[in-house]
Amino acid sequence: MYGFITGLLLWLSFATLVIGLTVRTVVYIRGLDWQVDRVAYGTHMALGFREATRSIVHWLLPFWSVGWRAKPLFTIIFFVFHTGLLLTPVFLIGHAVLIKERFGINWPTIPMGLADVLTVLVMCSVLFIAVRRMALPEVRIVTTAYDYLLLLITAAPFVTGFLLVHQVADHRLWLYAHILSAELLLIAIPFTKLYHVVGFFLSRGQLGMDFGIKRGFKGDGFDW
Amino acid sequence: MPEGTLCNKNTVDTKEYLNALLSDKRGKKYYEEMKSIEVDKEKLKAALKATCKSRFHTWLDLCSHCAMCADSCFIYLSNKRDPRQVPSYKIQSTLGQIVKRNGDVDNEFMRHCMDVAWSQCTCCNRCGSFCPYGIDMGIMFSYLRGLCFAQGFVPWELKIGTGMHRIYGAQMDVTSEDWVETCQWMEEEQQEEWPGLEIPVDKQGADIMYTCNAREPKHYPDDIADAAILFHIAGENWTVPSQGWDQTCLSLFAGDWGSCKMQVQNVYGAIERLKPKRVIGTECGHAHRCMVVEGPYWVGRKDGRPPAPYLHYTEWVAEALRTGKIKIDPAKRIRQPVTFQHSCNYIRNYGLKEVTREVMSYLVEPGYYVEMTPNKEHNFCCGGGGGINGIGLYREQRNTNMKVKRDQIIATGAKLVIAPCHNCWDTIRDMEEIYRLGIKWSFLKPLLVKMVVVPDHLKPKEDQ
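Take a look at the structure:
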């Protein structure tokens, strides 16, 4: 069982993630239509890429965009959440050990204490986002059960991983739960709104191009 | 398939149909008929297949329901933060549903879509710049309007507007003859005060071809006279076309893309016929969007640009002031608190933020110009954009929607609002009527004509 979920199933999960995201990216780009979108992508490629990059960078960094500055608390939570989501699994010592064992690669790591802090922050952020969804009328009206499900899928590997690392009760149970929930997350990404791991770059970039090409010929540049 | 005689899926291509619509006071019969027209689901499905591509699908799918767009929407803010006015909610519950059900929607739902698309969004595109994913609900509402229009669900006044464009090539029943006569009339009227002033019609190869808003010949001919005076003072070699002179397009507001294309072809046709070095448009926001920002795409120009450089009036004014073609009499500069309405269509959507400020720096004595907050590309819509100004059915909503702009103006303490956009100008006029702020409002031209230094050689002989 352990061999299967850390072997074939893990490979399948990663393959689904990579192939799924590639397909979605290709489908998105192929579906862009200069005339329907009213953006001359082809004729102004260089300008388009420059403005796409500018738009993406402004939104990748906390408080760099007008939108982030308009909602400071949410922005802080948002960046803490995403930083934890990305850094913890990628640079966790436990994961680096597995990489070393299997591939012989010396993978960089972050200290365990930091990983713990980030994990707790991720869990707190999830809680905050869930409460925000219930508390604010403007968020409540657009929220669906699906949004909570996605939060659950995202949080599960962190909760189970945390319990696993801190040896709470049945080690085997949490180990299996952790691996399976992480695999579920990887598989869910291309098929759900979590597709935004690439979708953000595509969509934000596209609007940057739009403002740059169609709407910003004057070269002042849009103040994202 | 049940269709009304007035309200139906047909476009208005004959004077008979147009007159029948016009004689239906306030669209009473039209809206009554709308309640029973049938949705052509196959046609809707086919339209989605042809035009709802990856960008719209992604925008609808990707939305993480974070509501960061809520506060960006002036209609949400004006309506006491009613959650039903959150942009993502508005689009998900209308276009989102149509796409999800692949066109399987009924009459009642389409009427709801019409209400939301025309009274709860002015397509100002502000939300797109506040969404982390860059989801622009204004663009999607514009698209939804097109779907509604094709099914016959469009406000009465806008249906008429599309008919005007289709029949007269202008947003009002001003024929080419009427237009040329108005130009001649204005020319004659001004020649006493401005010897040598001309409004040249159909001159080949001029430096400037001037295009305007049909409201100008129809209701405000002085605006054409003012434009002529300023070109005269600046010594410009200019002309107006006899055909393709109306730069506006109510069909953009209506979602009648076929007639949008026709209107742009009229104006581009004039450019190709007269071959001016460049074109200057009047002080209108949506007209600029039609001919410069979106028009090239409607007629299939792959470079996304009009056939000749096409400037907004503010760009010409800035250039004329910068190069000294027109000079402002320092004694006549504005010496009262004054603010500037940054129009969505040529500032957010075309980037003329610095140009307009440059113009103000010449016109206003230092210390008297007060910016609205927020401003430039983040400015709020006046409240009357996107066609809502002209729709009787949504007058109450429009009056509520303008509260954010009202409060922005009050906060500046300005007594004069300069609004080089017909829709903004109208909204601020109506705002004064409704909310009594004690403000004046103006286009640039009448101010410039009063403030400009007249070179000696242009003064009437007896004055010299």
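Respectively, the protein sequence lines represent chains F and W.
Sequential numbering from 6 applies to the first sequence in the working numbering.
Sequential numbering from 20 applies to the second sequence in the working numbering.
Even for Gly, the Cβ is constructed at its ideal location relative to N, Cα and C.
Quantities reported herein were computed from a predicted structural model and do not represent experimental measurements.
Practice problem: Quick one: grab the DSSP three-state call for Ser461(W). | Solution: Ser461(W): strand per DSSP, three-state reduction.
Exercise. Assign Cys150(W) to buried or exposed, taking buried as 16 or more other Cβ atoms, counted over all protein chains shown, within 10 Å of its Cβ.
Key: Its Cβ being crowded by 16 or more others within 10 Å, Cys150(W) is buried.
Quiz item: Taking Cβ positions only, does Ala140(F) come closer than 9 Å to chain W?
Solution: Contact with chain W is absent for Ala140(F), since none of that chain's Cβ atoms lies less than 9 Å from the residue's Cβ.
Quiz prompt | One or two residues paired with Phe359(W) in a DSSP bridge | solution = According to DSSP, which records beta bridges pairwise, Phe359(W) is partnered with Ile437(W).
Exercise. Check each residue of the region 82-111 of chain F: if its Cβ is closer than 9 Å to any Cβ of chain W, include it; give the result in chain order.
Key: If the cut-off is 9 Å between Cβ atoms, the region 82-111 of chain F has Phe83 near chain W.
Quiz item: Per the contact definition of three or more C-beta pairs closer than 8 Å, is the region 332-349 of chain W in contact with the region 237-255 of chain W?
Solution: Cβ pair count under 8 Å is three or more, so yes.
Quiz item: How about Val31(W): is its C-beta nearer than 9 Å to some C-beta of chain F?
Solution: Not an interface residue.
Self-check item: Straight-line Cα distance separating His476(W) from Gln483(W)
Solution: Confidence is the limiting factor: at Gln483(W) the pLDDT is only 49, short of 50, which leaves the residue's position unreliable and the question unanswerable from this model.
Self-check item: Partner residues on chain F for Asn368(W), Cβ-Cβ distance less than 7 Å
Solution: Chain F residues near Asn368(W): Arg220.
Quiz item: In angstroms, rounded to a whole number, what distance separates the CA positions of Gly153(W) and Lys34(W)?
Solution: For Gly153(W) and Lys34(W), the distance between alpha carbons rounds to 43 Å.
Exercise. Taking Gly230(W) as part of the alpha helix (DSSP H), name the residues at either end of that continuous run.
Key: Contrary to the premise, residue 230(W) reads as Thr rather than Gly in this sequence. Taken as a continuous stretch (DSSP letters only), Thr230(W) belongs to no alpha helix (DSSP H), being part of the beta strand (DSSP E) at 227-230.
Practice problem: Give the straight-line distance between the Cα atoms of Glu313(W) and Arg130(W), rounded to the nearest whole angstrom. | Solution: For Glu313(W) and Arg130(W), the distance between alpha carbons rounds to 27 Å.
Quiz prompt | Neighbour list for Phe227(F) in chain W, Cβ cutoff strictly below 9 Å | solution = The contacting residues are Ser148, Arg367, Gly370, Glu396.
Exercise. Please go through the same chain and pick out, in chain order, the residues whose beta-carbon is closer than 6 Å to the beta-carbon of Lys109(W), but skip the five residues on each side of it.
Key: Excluding positions up to five away in sequence, the list reads Val135, Gln139.
Quiz item: So does the region 40-60 of chain W actually touch the region 79-97 of chain F, counting three or more Cβ pairs closer than 8 Å?
Solution: Touching, no, given that fewer than three Cβ pairs across the two stretches are closer than 8 Å.
Practice problem: Starting from Arg209(F), find everything on chain W with Cβ-Cβ shorter than 8 Å and list it in chain order. | Solution: Result: Pro151, Tyr152, Gly153.
Quiz item: Shorter than 9 Å from the beta carbon of Tyr200(F) to some beta carbon of chain W?
Solution: It does; some Cβ of chain W falls within 9 Å.
Quiz item: Quick one: is Pro439(W) near chain F, going by C-beta distance under 9 Å?
Solution: At a cut-off of 9 Å between beta carbons, Pro439(W) makes no contact with chain F.
Quiz prompt | Closest Cα partner of Thr194(W) within the set Arg103(W), Ser261(W), Pro326(W), Leu81(W) | solution = Considering only Arg103(W), Ser261(W), Pro326(W), Leu81(W), the residue with the shortest C-alpha distance to Thr194(W) is Ser261(W).
Quiz prompt | Near-chain F residues of the region 97-108 of chain W (beta-carbon distance less than 8 Å), N- to C-terminal order | solution = Of all residues in the region 97-108 of chain W, Arg100, Pro102, Arg103, Val105, Ser107, Tyr108 have a Cβ within less than 8 Å of some Cβ in chain F.
Exercise. Would you grab the beta carbon distance between Gly402(W) and Lys424(W) for me? Rounded to a whole angstrom, and I think it's under 8 Å.
Key: Between Gly402(W) and Lys424(W) a beta carbon distance of about 5 Å is seen, short of the 8 Å cut, so the two are scored as contacting.
Quiz item: Applying a beta-carbon distance threshold of less than 8 Å, which residues of chain W neighbour Gly72(F)?
Solution: Here the neighbours are Met87, Ser91, Ser148, Phe149, Cys150, Pro151.
Quiz item: How far does the beta strand (DSSP E) with Arg297(W) in it reach, from first residue to last?
Solution: Looking at the DSSP string, the run of the beta strand (DSSP E) that includes Arg297(W) is 297-300.
Quiz item: Is Val44(F) helix, strand or coil by DSSP?
Solution: Coil.
Quiz item: In chain W, what lies closer than 9 Å to Phe205(F) by C-beta?
Solution: Residues of chain W whose Cβ lies closer than 9 Å to the Cβ of Phe205(F) are, in chain order, Leu81, Pro151, Tyr152, Gly153.
Practice problem: Compare the C-beta of Trp230(F) against all C-beta atoms of chain W and say whether one is closer than 9 Å. | Solution: Absent from the structure is residue 230(F), since the part of chain F shown begins at 6 and ends at 229.
Quiz prompt | Exposure label - Gly343(W); buried when at least 16 CB within 10 Å | solution = That one is exposed.
Exercise. Give, in chain order, every residue of the region 299-324 of chain W whose Cβ lies closer than 7 Å to some Cβ of chain F.
Key: Contacts with chain F (Cβ-Cβ distance below 7 Å) from the region 299-324 of chain W involve Val312, Glu313, Tyr316, Gly319, Lys321, Asp322, Gly323, listed in chain order.
Quiz item: Does the beta carbon of Val95(W) come closer than 9 Å to any beta carbon on chain F?
Solution: Note that residue 95(W) is Tyr in the sequence shown here, rather than Val. At least one chain F Cβ lies under 9 Å of Tyr95(W).
Practice problem: Give a yes or no on contact between the region 179-195 of chain W and the region 109-129 of chain F, applying the rule of three or more CB pairs nearer than 8 Å. | Solution: No, the region 179-195 of chain W does not touch the region 109-129 of chain F.
Practice problem: Inspect the beta-carbon positions of Arg35(F) and Ser73(W) and report whether they are closer than 9 Å. | Solution: Cβ distance < 9 Å, so Arg35(F) and Ser73(W) count as in contact.
Self-check item: Below-9 Å beta-carbon distance, Arg74(W) vs any chain F residue
Solution: Yes, Arg74(W) lies at the interface with chain F (some Cβ there is under 9 Å from its Cβ).
Quiz prompt | Own chain, CB closer than 7 Å to Leu185(F), minus 5 neighbours either side, in chain order | solution = Excluding the 5 residues flanking it on each side, Leu185(F) has same chain C-beta neighbours closer than 7 Å at Ile10, in chain order.
Self-check item: Any C-beta of chain W under 9 Å from that of Ser186(F)
Solution: Ser186(F) does not count as touching chain W.
Quiz item: Can you tell me the Cα-Cα spacing of Gln40(F) and Asn232(W), whole angstroms?
Solution: Their backbone Cα atoms lie some 26 Å apart in a straight line.
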